[in-house]
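Residue numbers (my numbering): 106 to 455.
The beta-carbon is built from N, C-alpha and C at its ideal position, and this holds for glycine as well.
Here the structure comes first, spelled out in structure tokens, and everything after it is commentary.
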């Protein structure tokens, strides 16, 4: 019998079933947020073979990408304000509401804001937030664009228009290309739009914008061609520096640094490990991430380990640190980390 079939269920039983499952879903969501928050606090995703909490939620919990992000964000907010779990479990706040409220919750404002938001819709909560923290109004305008020709003009770097106060009488003219620096902390987005074609959206700092304008003016090429050429050069630079790649490998030269890993060792290790983290969790899951890879000594240098192909492996930063904690202890590594932060602070602050 199909457990999801509802054709033979009476109207009354169907309504009762829906109410029961909705209540269970709210409770399960609150329980899952509590689990994710504690897993995050204990960093249990690392020994499980995942480089981040996001990857753990995607791989081990089988959550879709957006669902993982929303639950992680809500779980971290609930670690700060546990009442969110209760309000989620009894239906006063949904997951969307928690994510909307989380950036605005402080020890001073949480009680009042959560009480006002309980049972409200998404739109009402957005209005509630903006009543307390209004955005600067701007006046919109319509700027006519010339019809595209058969060969569109190359994309240019143009700074965005400045913020417009609500009292401005006339819409401002678009800024010139030499306007203020372009910068944002939002990550760039790479979106597939066709076979082997991608749209890239991001922002640039002033130095990068000036370099791009210079390349456009000098070569007359479009934005896509310039970015591709620059990235190919940068990729070659990174492969040489990180992976030891070389068109004409040279004979290894001795080094006085005990932690130095020769280029031929880096090349061999990178090829052997497939350019991926080699950490394997207790359940057999291999991390396999390609982000933030580091060369890790199987037998640590501090214990006499050498930089040979057999004694070096690829590990991502979280799993490299996890291995160091396993070997040297969490207290020792915490002290080393704190000492590093103090050294950095002293260097910056003088």
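Check, Outcome
"Residue 225 to residue 119 span [Cα, whole Å]", "27 Å"
"Stretch pair the region 141 to 157 + the region 357 to 377: three plus CB contacts closer than 8 Å", "no"
"Buried versus exposed call for residue 124 [16 or more other C-beta atoms within 10 Å across all chains shown]", "exposed"
"Same chain, Cβ closer than 6 Å to residue 438, neighbours up to 5 away in sequence not counted", "429, 430"
"C-alpha distance - residue 453 paired with residue 446, whole-angstrom precision", "10 Å"
"Among 198, 145, 156, 195, the one whose alpha carbon lies nearest that of residue 384", "156"
"Top-ranked residue by Cα proximity to residue 222, from 199, 213, 299", "199"
"Completely contained beta strand (DSSP E) runs for the region 179 to 225, where each covers 3 or more residues", "none"
"The alpha helix (DSSP H) enclosing residue 305, as first and last residue numbers", "Premise fails: residue 305 lies in the beta strand (DSSP E), 302 to 306, not in any alpha helix (DSSP H)."
"The region 180 to 189 contacting the region 208 to 217, beta-carbon criterion three pairs below 8 Å", "yes"
"Exposure of residue 338, with buried meaning 16 or more beta-carbon neighbours within 10 Å", "exposed"
"Distance, residue 359 Cα to residue 353 Cα", "18 Å"
"Assigned secondary structure, residue 392 (DSSP; H/G/I helix, E/B strand, else coil)", "coil"
"Opening and closing residue of the beta strand (DSSP E) in which residue 419 lies", "417 to 421"
"Under the three-state DSSP convention, the category residue 365 falls into", "coil"
"Beta-carbon proximity list for residue 145, same chain, < 8 Å, skipping 5 on both sides", "158, 177, 180, 181, 184"
"Cβ neighbours of residue 365 in the same chain (closer than 8 Å, five flanking residues each side left out)", "412"
"Cβ pair residue 211, residue 227 closer than 7 Å", "no"
"One or two residues paired with residue 398 in a DSSP bridge", "421"
"Cα-Cα separation, residue 136 to residue 416", "43 Å"
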